[in-house]
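Chains as they are written, first to last, in numbering that gives the first Met the number 0: chain A, 0 to 170; chain B, 0 to 309. Built from N, CA and C at the ideal position, the CB exists for glycine as well. The structure displayed is predicted, hence computed values, not measured ones. To keep things clear, I will list the structure first and then write my remarks on it.
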Amino acid sequence: MQQETEKEARRQWLETVMDRWEATLLRLCFAYLGDRSLAEDAVQETFLKAWKGYDGFRGRADEKTWLTRIAINQCKDMLKSAWNRHTDRSVDTDLLPEAAVPFEERDDTVTRAVMALPVKLREAALVCLYQGLSLAEASKALRLPRSTVHFRLQKAEALLKEELEEWFHAD
Amino acid sequence: MRIDEKKLRDAMDRRLSGLDRSAALHSAVMQRIAKEEEPVMKRKMSLAVVFALVLVSLAAVALAATLIFSPRVDALTLADKALEEKYGITMRMQSFFDRKDETLPDGSVRVTYTSSENFRNVMGEYTALVKDGRAEVTWDLDGVSTEGPDAKAWGPEQLKEIMAWNEEHGTLTPWIEKAAALGGAVETQEDPDAVGGEEYGRMRDQQSAEAKAAAKLTEQEMADIAKAALVKRYGMTEETAAQLEYYIPPYSPEVRYVVENGRYCFEAEYLLYLDKADPHASLNGAYVVTVNVETGVIENMTYTAGYGEG
Numbered sequence: 000m001q002q003e004t005e006k007e008a009r010r011q012w013l014e015t016v017m018d019r020w021e022a023t024l025l026r027l028c029f030a031y032l033g034d035r036s037l038a039e040d041a042v043q044e045t046f047l048k049a050w051k052g053y054d055g056f057r058g059r060a061d062e063k064t065w066l067t068r069i070a071i072n073q074c075k076d077m078l079k080s081a082w083n084r085h086t087d088r089s090v091d092t093d094l095l096p097e098a099a100v101p102f103e104e105r106d107d108t109v110t111r112a113v114m115a116l117p118v119k120l121r122e123a124a125l126v127c128l129y130q131g132l133s134l135a136e137a138s139k140a141l142r143l144p145r146s147t148v149h150f151r152l153q154k155a156e157a158l159l160k161e162e163l164e165e166w167f168h169a170d
Numbered sequence: 000m001r002i003d004e005k006k007l008r009d010a011m012d013r014r015l016s017g018l019d020r021s022a023a024l025h026s027a028v029m030q031r032i033a034k035e036e037e038p039v040m041k042r043k044m045s046l047a048v049v050f051a052l053v054l055v056s057l058a059a060v061a062l063a064a065t066l067i068f069s070p071r072v073d074a075l076t077l078a079d080k081a082l083e084e085k086y087g088i089t090m091r092m093q094s095f096f097d098r099k100d101e102t103l104p105d106g107s108v109r110v111t112y113t114s115s116e117n118f119r120n121v122m123g124e125y126t127a128l129v130k131d132g133r134a135e136v137t138w139d140l141d142g143v144s145t146e147g148p149d150a151k152a153w154g155p156e157q158l159k160e161i162m163a164w165n166e167e168h169g170t171l172t173p174w175i176e177k178a179a180a181l182g183g184a185v186e187t188q189e190d191p192d193a194v195g196g197e198e199y200g201r202m203r204d205q206q207s208a209e210a211k212a213a214a215k216l217t218e219q220e221m222a223d224i225a226k227a228a229l230v231k232r233y234g235m236t237e238e239t240a241a242q243l244e245y246y247i248p249p250y251s252p253e254v255r256y257v258v259e260n261g262r263y264c265f266e267a268e269y270l271l272y273l274d275k276a277d278p279h280a281s282l283n284g285a286y287v288v289t290v291n292v293e294t295g296v297i298e299n300m301t302y303t304a305g306y307g308e309g
């Protein structure tokens with residue numbers, strides 16, 4: 000009986016988490032992988048892993064950081080296997096899905112610019128700039144020392160600046 | 000020059016707005032979960048296993064009586080207590096900070112609590128100096144007002160508010176944005192001695208293998224020592240301690256063998272999740288106890304509710 004209650008609580012928790020984060024994670028995975036169906040697979044795996052790791056998550060605070068960590072590592076694994084199949088790791092930005100809300104040309108420009116970054120810089124940019132994780136959180140998510148994440152982020156920003164001068168501001 | 004993160008985020012969200020929640024994805028996940036939940040045959044526990052479990056729990060009781068905390072842990076405990084007494088930063092609030100310690104030539108210990116980059120400008124850094132069994136704490140934002148909605152420095156009142164908000168919404172993002180809007184963002188300095196990703200991984204794997212090979216205690220023994228240490232250090236009741244869950248990372252569990260200050264150690268992690276209404280719910284979070292694999296001495300203890308380091 001108690002087992003059933005726990006099972007139900009776990010399911011309800013997942014439903015809430017999916018409602019809250021599905022769109023965010025789908026966009027993150029798409030921007031990383033550049034392929035809608037791969038992104039959907041990655042999100043599906045992310046929620047399944049989150050559900051399996053529910054016991055490990057309980058008691059911790061930031062859901063978003065934890066899910067981003069799982070999603071980004073799922074994407075990394077998927078790219079790795081694509082690489083093993085000698086697939087091109089760069090993203091085809093012509094395959095952007097149709098937007099559901101009106102957008103300006105510069106929204107399109109910045110999205111394409113981020114997605115066109117080399118994969119290591121792209122993941123740093125997506126985790127830190129798009130998902131808003133701190134360097135400490137990003138270093139855990141990407142399993143890299145903070146200094147490496149910081150270095151990659153700076154490089155990513157330098158490349159973006161070439162195309163997006165007006166998006167930068169003085170500190 | 001930094002990129003405007005909020006502008007970038009909003010722009011990408013608009014452009015990728017066609018990717019939204021879908022019933023198909025939702026149902027695919029739930030179907031896979033239903034499959035995973037299919038019952039597995041349970042085995043009856045043999046008398047020998049029951050006997051072994053009793054022995055293990057008796058051993059844990061004996062261990063609790065002979066716990067040895069390193070002088071470092073004693074110093075950290077004093078520093079943590081002084082931080083709470085002087086500034087009201089509770090154990091749970093300390094999760095916003097990264098704690099580091101250093102033994103100085105005169106034997107005193109300097110403990111720093113540095114807030115994560117996102118909050119560095121408003122939460123600052125606390126420093127505790129521990130000497131002769133006493134700890135003195137200072138804050139680099141001492142003198143900056145923590146009053147009012149636009150306070151430039153955030154003390155326990157704001158931290159409490161952020162924690163309550165996070166409890167409800169599951170993210171810190173609006174607070175990160177608020178901190179950024181207050182200005183004075185702090186640039187993280189690149190560590191010139193930091194090793195790169197792969198090299199770092201190799202070094203860590205090698206240290207883990209060495210630490211594991213040097214172990215004179217079993218993992219179970221070290222996990223028991225760690226649990227007893229938590230009960231003693233955090234004053235947990237028996238009921239609370241019974242709720243502690245021993246956590247084994249699903250990937251590479253051997254990374255828990257580490258080298259800490261030149262000593263081979265094992266990091267035992269416990270998680271606590273009590274109901275919000277439980278009087279001890281403020282103890283909820285993840286605990287890591289670093290146990291010397293050769294002597295069983297507690298070399299370090301950390302706690303996080305996940306606000307700063309995730």
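Beta-carbon contacts of residue i that lie in its chain and below 7 Å, excluding the five residues immediately before and after
i         : result
Thr303(B) : Ser94, Gly284, Ala285
Pro96(A)  : Arg35
Gln242(B) : Leu271, Leu273
Pro145(A) : A quick correction: the sequence has Arg, not Pro, at residue 145(A). Closer than 7 Å at Cβ, skipping near neighbours: Leu134, Ala135, Ser138.
Trp138(B) : Tyr86, Gly123, Tyr125
Anticipated Cβ contact below 8 Å, residue i with residue j, distance rounded
i         : j         : result
Gly123(B) : Ala152(B) : 7 Å
Leu128(B) : Ala134(B) : 7 Å
Val258(B) : Ala210(B) : 6 Å
Val16(A)  : Ala49(A)  : 6 Å
Leu27(A)  : Gln130(A) : 6 Å
Glu266(B) : Val287(B) : 5 Å
Gln73(A)  : Thr45(A)  : 5 Å
Ser69(B)  : Phe96(B)  : About 21 Å separates the two Cβ atoms, so there is no contact after all.
Contacting residues, own chain, Cβ-Cβ under 6 Å from residue i (five flanking each side not counted)
i         : result
Arg68(A)  : Ala140
Lys41(B)  : Its pLDDT being 44, under 50, Lys41(B) is placed unreliably in this model, and the value from its coordinates should be taken loosely. For Lys41(B), where only same-chain residues beyond five positions count, there are no Cβ hits under 6 Å.
Ala214(B) : Val292
Ala30(A)  : Met114, Leu125
Thr301(B) : Val287
Exposure of residue i, with buried meaning 16 or more beta-carbon neighbours within 10 Å
i         : result
His149(A) : buried
Asp9(B)   : exposed
Lys63(A)  : buried
Ser26(B)  : exposed
Ile297(B) : buried
Glu165(B) : Glu is not the amino acid found at residue 165(B); the sequence shown has Asn there. Asn165(B) comes out buried.
Glu21(A)  : buried
Ile325(B) : Absent from the model: residue 325(B). The displayed extent of chain B is 0 to 309, so no value can be given.
Met11(B)  : buried
Gln43(A)  : buried
Arg201(B) : exposed
Thr217(B) : exposed
Ala155(A) : buried
Glu220(B) : buried
Arg14(A)  : Here the sequence assigns Glu to residue 14(A), which means Arg is not the residue at that position. Exposed.
Leu116(A) : buried
Ile175(B) : buried
Glu122(A) : buried
Residue i: contacting residues in chain A (beta-carbon distance under 9 Å)
i        : result
Leu24(B) : Met17, Glu21, Leu25, Glu39, Val42, Gln43, Phe46
Arg20(B) : Met17, Asp18, Glu21, Ala22, Leu25
Residue i versus residue j: straight-line alpha-carbon distance, rounded
i         : j         : result
Val143(B) : Ala41(A)  : 46 Å
Ser281(B) : Ala225(B) : 20 Å
Gln30(B)  : Glu167(B) : 28 Å
Tyr245(B) : Glu237(B) : 16 Å
Tyr316(B) : Phe118(B) : Because residue 316(B) is not part of the residues shown, which for chain B are 0 to 309, the question remains open.
Asn104(B) : Val230(B) : Rather than Asn, the amino acid found at residue 104(B) in this sequence is Pro. Their backbone Cα atoms lie some 33 Å apart in a straight line.
Thr4(A)   : Asp54(A)  : 15 Å
Arg262(B) : Leu120(A) : 36 Å
Gly132(B) : Thr102(B) : 14 Å
Leu276(B) : Arg98(B)  : It is Ala, not Leu, that sits at residue 276(B) in the sequence shown. Looking at the two C-alpha atoms, the distance is approximately 29 Å.
Ala240(B) : Val290(B) : 18 Å
Arg14(B)  : Ala98(A)  : 6 Å
Cys127(A) : Thr65(B)  : 45 Å
Ala38(A)  : Leu18(B)  : 10 Å
Partners in chain A for residue i, counting only beta-carbon separations shorter than 7 Å
i         : result
Asp277(B) : Under the 7 Å cutoff, chain A gives no residues; its nearest Cβ is about 12 Å from Asp277(B).
Ile2(B)   : Leu128, Glu156, Leu159, Trp166, Phe167
Proximal residues of chain C, C-beta to C-beta of residue i below 8 Å
i         : result
Thr110(A) : Checking the listed chains, one finds no chain C in this structure; the protein chains it contains are A and B.
8 Å Cβ shell around residue i - same chain, five flanking residues per side excluded
i         : result
Asp100(B) : Arg71, Ala74, Leu75, Ala78, Val108, Arg109, Val110, Thr111
Thr108(A) : Glu162, Leu163
7 Å Cβ cut-off: residues of chain B touching residue i
i         : result
Trp50(A)  : Ile32
Asp106(A) : Ala10, Arg13, Arg14
Per-residue contacts from residue i into chain B (C-beta, under 8 Å)
i         : result
Pro117(A) : Under the 8 Å cutoff, chain B gives no residues; its nearest Cβ is about 14 Å from Pro117(A).
Ala98(A)  : Arg13, Arg14, Leu15, Ser16, Gly17
Contact set between residue i and chain B, taken where Cβ atoms lie within less than 9 Å
i        : result
Asp54(A) : Glu244, Tyr246, Leu270, Tyr272
Residue i: contacting residues in chain A (beta-carbon distance under 8 Å)
i         : result
Leu7(B)   : Val109, Val113, Leu128, Tyr129, Trp166
Val254(B) : The contacting residues do not exist; Val254(B) stays about 10 Å from chain A at best.
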